[in-house]
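Encoded as structure tokens, the structure appears first; notes follow it.
2 protein chains.
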Amino acid sequence: MGITIADVARLAGVGRGTVSRVLNDRTNVDPATRARVLAAIRELDFVPSPTARRLSLQRTQTVAVILPFLTRPSAVERLRGIELTLAAAGYDLIVFNVETVDRREAVFRDLPRPERVDGLIVVSLSPHASELERIQRSGLPTVLVDAHHRSLPRVVADDVRGGRIAAEHLIKLGHRRIGFIGDIPRTPLAFTSSRLRLGGFRRAMASAGLEVPARLVGIGDHSRHRASDLARQMMDDRLPPTAIVCASDTQAAGVLEGASALGMSVPADLSVTGYDDLELADHLGLTTVSQPLFESGVRAVQRLLTTIEGGPVGALREVQDISLVIRRSTAPPA
Amino acid sequence: MGITIADVARLAGVGRGTVSRVLNDRTNVDPATRARVLAAIRELDFVPSPTARRLSLQRTQTVAVILPFLTRPSAVERLRGIELTLAAAGYDLIVFNVETVDRREAVFRDLPRPERVDGLIVVSLSPHASELERIQRSGLPTVLVDAHHRSLPRVVADDVRGGRIAAEHLIKLGHRRIGFIGDIPRTPLAFTSSRLRLGGFRRAMASAGLEVPARLVGIGDHSRHRASDLARQMMDDRLPPTAIVCASDTQAAGVLEGASALGMSVPADLSVTGYDDLELADHLGLTTVSQPLFESGVRAVQRLLTTIEGGPVGALREVQDISLVIRRSTAPPA
DNA sequence: CCATACAATGGGACCGGTTCCATGAAGGGG
DNA sequence: CCCCTTCATGGAACCGGTCCCATTGTATGG
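Listed in order, the protein sequences are those of chains A and B. Throughout the first sequence, residue numbering follows the working numbering, covering 262 to 595 in sequence. Throughout the second sequence, residue numbering follows the working numbering, covering 262 to 595 in sequence.
Below, the structure written as structure tokens:
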């Protein structure tokens, strides 16, 4: 069916080994021979079979990405960075979108095998003990992104600091009663980041001598709708917050919606901060914590490829810079 | 390194052929032998090498998806449908995100080869003559999604009808001067859909005996920002439109922004329709044309797999249902 | 009881590359 | 001029599966 290396060898009048040497830019090939082989390759429009190559080399030239909820724009941004960098390095990317616990289990059970892929990038899912064990037993180079495990290389943003700077910004503006709205921490597909951001938030409040009563911490699944409800509930109190820190832009959008439904205006009656700096944040004029999403994918691939090619691992934890983007959703309290 | 079929055969005391038969659920294997082989497989935690399998079978069990601008939520929704369906069928998915003309050329040059993948799904890119030729020469089963070519199987929504029903809705509300804002039609990475929607829009206007002067058609690149500018320009006229049909929700969001900047309120001073029914449309209360994005990915994979497995191709053009979702951004003119 | 058919099985050839080793030719030094 | 090294090269072996064919053993029918 397809053209093989033997066809090229025949046409060029050389052995198969020589064609292989030319293909792989090996030395010890006579320039004239090389030219003949290259001509034959061009003539036949020959491209070596990646499958045969993989089998022979015992390498797949493929990297798998496991990520939950492709629906979230932040996940997509990371994926874009991963895709671009892998493509540039000549690796194939296979994608595993995890939206259920079953899928998560299946993926971690079947995927970490050297005969399937050369490396693994896990986005926003912190491996369980059993998952870690599988990964380590397989010996596959693995990099986590926006996920944590003491014993694995990872690219993360400083979520604690992110929660802190959002809170500090509001405190500096003069707010005293500040609420927090974030994700449920320990569901099977939970993002760990929300919990860390809450931690940073609490720390900043404590440093400023401010209390965070339980009614000012709203936890719910990651949806605009749920965040809107939580905000309305929080505002329906004799001492409502004058500002709310959200664990994501999506949730902040929900809070804006809830405030508007209550006839409150932002930032006059309520200040709101988000997290991620998605396009929507710009759109809504949301003050938010910006993190380099695309770049996190790029770095993860760079580190993974270094490991695959036997380079030094370096420090396991690589922390990326974050910054506060101030827009129209925050102001001093009334 | 890894366990091979020979190890299993040795442990079970059978030949390699027998192990292969057991693995592939062939008949003509003694139940007792099968049990011994299965026990050995379990004992060794053996998983056959996909690479070796691919080489031997001359099938890659892999499908490639080419899609432009992973940033667009509509593209991601389609990808989700594709990923889910392929995973269920046991195929690997490799993703090619196209954001530049160079990448588009590279992808269409290198990818359509039977030794790389078993099939191709092309999203939102209508192949050029040369690209078509490559695809056909490769003999690779291919399905287009949201893209057009007379001679290729495709899953599309009726964009002409979409443009028409958006316009008809506004006409029925009593609008007479209706504008349109959409994408540049013929750039290398352009979406063809915008042009078709404009066509449907024009048809509806003509049927109602309404004119569409050139100043009421704004064409620009696919960004909120650009759409906002176009809208402001359009409104800055002695006879501004009372409604604007947009070729996407993203652009409609820009129009809303532009209107708000001009101090106009929607829908009192201006009605706006979008296209796609993204989450953001719900958020903004946007009247929009809804199309089954996720489902388009599912169907594309189903059709592709049918073709790969030698089933009937059926009608090349499969049209998906669309519908108008009416929200708060449209009302009768003042 | 023997000829025949058929089910179960082992193992060689093959898929298309890479790698290594043996061979021959060319070149350099004494 | 001969010996030894070095370079270019062909081809066998291998990667780990699948498939087909030959062989063996058993059941069936005459």
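Don't be surprised by glycine CBs; every beta carbon is placed ideally from N, CA and C.
With DSSP collapsed to three states, give me the class of residue i.
i, result
"A236 of chain A", "Nothing can be reported for residue 236 of chain A, as the shown portion of chain A is limited to 262 through 595."
"Q581 of chain B", "strand"
"L554 of chain A", "helix"
"G443 of chain B", "strand"
"V527 of chain A", "coil"
"A492 of chain A", "helix"
"P449 of chain B", "coil"
"D353 of chain A", "strand"
"A625 of chain B", "One cannot answer for residue 625 of chain B here, as it falls past the ends of chain B, which runs 262 to 595."
"T265 of chain B", "coil"
"I239 of chain B", "Chain B is shown from 262 up to 595; residue 239 of chain B falls before or after that span and cannot be answered."
"G575 of chain B", "coil"
"I432 of chain A", "helix"
"R513 of chain B", "The identity of residue 513 of chain B in the sequence shown is Ala, whereas the question assumes Arg. Of the three classes helix, strand and coil, the one that applies to A513 of chain B here is helix, per DSSP."
"I587 of chain A", "coil"
"T288 of chain A", "coil"
"V275 of chain B", "coil"
"D371 of chain B", "helix"
"V362 of chain A", "helix"
"A504 of chain A", "strand"
"V280 of chain A", "helix"
"V562 of chain A", "helix"
"S484 of chain A", "coil"
"E337 of chain A", "Going by the sequence as given, residue 337 of chain A is Val instead of Glu. If DSSP states are grouped into helix, strand and coil, V337 of chain A belongs with the helices."
"V473 of chain A", "coil"
"T332 of chain B", "coil"
"V298 of chain A", "helix"
"D543 of chain A", "helix"
"S310 of chain A", "coil"
So which residues of chain B does residue i contact, with C-beta pairs closer than 7 Å?
i, result
"D353 of chain A", "I355"
"G263 of chain A", "P375 and E376"
"A267 of chain A", "Going along chain B, no residue has its Cβ under 7 Å from A267 of chain A, so there is no contact; the nearest lies around 15 Å."
Determine the chain A residues that contact residue i at a beta-carbon separation under 8 Å, and present them in chain order.
i, result
"A270 of chain B", "Near A270 of chain B there are no residues of chain A at all, since even the closest Cβ is about 18 Å away, more than 8 Å."
"L386 of chain B", "Within 8 Å Cβ-Cβ: nothing; L386 of chain B doesn't reach chain A, min ~16 Å."
"T321 of chain B", "T312"
"A520 of chain B", "The contacting residues do not exist; A520 of chain B stays about 14 Å from chain A at best."
"A514 of chain B", "H544"
"V298 of chain B", "Chain A residues near V298 of chain B: none, gap ~20 Å exceeds 8 Å."
Name, please, each residue of chain B whose Cβ falls closer than 9 Å to the Cβ of residue i.
i, result
"R341 of chain A", "L331, T332, N358 and E360"
"A350 of chain A", "What A350 of chain A touches in chain B: nothing, since even the nearest Cβ is about 14 Å away."
"V324 of chain A", "Result: empty, since nearest Cβ-Cβ is about 10 Å, beyond 9 Å."
Below 9 Å on C-beta distance, what does residue i contact in chain A?
i, result
"E344 of chain B", "L331, V356, F357 and N358"
"V290 of chain B", "Neighbours of V290 of chain B on chain A: none; closest Cβ ~25 Å, over 9 Å."
Under 6 Å: does the beta carbon of residue i sit that close to some heavy atom of the ligand PLP?
i, result
"V359 of chain A", "In terms of ligand content, the structure shown is empty, and the ligand PLP therefore cannot be addressed."
Anything in chain A within Cβ reach of residue i, meaning under 7 Å, just list it in chain order.
i, result
"V478 of chain B", "Here the premise fails: no neighbours, minimum Cβ distance about 25 Å."
Mind checking the stretch 359-382 of chain B against chain A and listing, in chain order, the residues whose C-beta falls within less than 7 Å of any C-beta there? R374, P375, E376 and R377
Give the residues from the stretch 484-512 of chain A that approach chain B closer than 8 Å (Cβ to any Cβ), ordered along the chain. R485
Per the contact definition of three or more C-beta pairs closer than 8 Å, is the stretch 407-425 of chain B in contact with the stretch 458-469 of chain B? yes
Minimum length 3: unbroken beta strand (DSSP E) runs contained in the stretch 375-425 of chain A: 380-384, 403-406 and 415-418
When you check each C-beta in the stretch 523-552 of chain A against every C-beta of chain B, which residues fall closer than 8 Å? E540, L541 and H544
For the 8 Å Cβ check, are there 3 or more pairs between the stretch 295-312 of chain A and the stretch 266-274 of chain A? yes
Validate contact between the stretch 363-377 of chain B and the stretch 307-317 of chain A using beta carbons, cut 8 Å, 3 pairs: yes
Quick one, which residues of the stretch 300-318 of chain B are near chain A if we go by CB-CB under 8 Å, in chain order? V308, S310, P311, T312, A313, R315 and L316
Would the stretch 318-335 of chain B count as touching the stretch 349-359 of chain B if we require 3 or more Cβ pairs under 8 Å? yes
Answer yes if the stretch 430-444 of chain A comes into contact with the stretch 505-513 of chain A, meaning at least three C-beta pairs across the two stretches below 8 Å, and no otherwise. yes
Using a Cβ-Cβ cut-off of less than 9 Å, list which residues of the stretch 557-590 of chain A approach chain B; keep chain order. none
At least three beta-carbon pairs within less than 8 Å, the stretch 543-555 of chain A to the stretch 485-502 of chain A: no
Can you list, in chain order, the residues of the stretch 275-287 of chain A whose Cβ is nearer than 7 Å to any Cβ on chain B? none
For the stretch 400-422 of chain B, which residues have a beta carbon sitting closer than 9 Å to at least one beta carbon of chain A? none
How do the stretch 555-574 of chain A and the stretch 340-349 of chain A stand: do at least 3 beta-carbon pairs fall below 8 Å, yes or no? yes
Using a Cβ-Cβ cutoff of 9 Å, what residues of the stretch 452-473 of chain A are near chain B? List them in chain order. none
Is the stretch 409-418 of chain B close to the stretch 565-584 of chain B, with three or more CB pairs under 8 Å? yes
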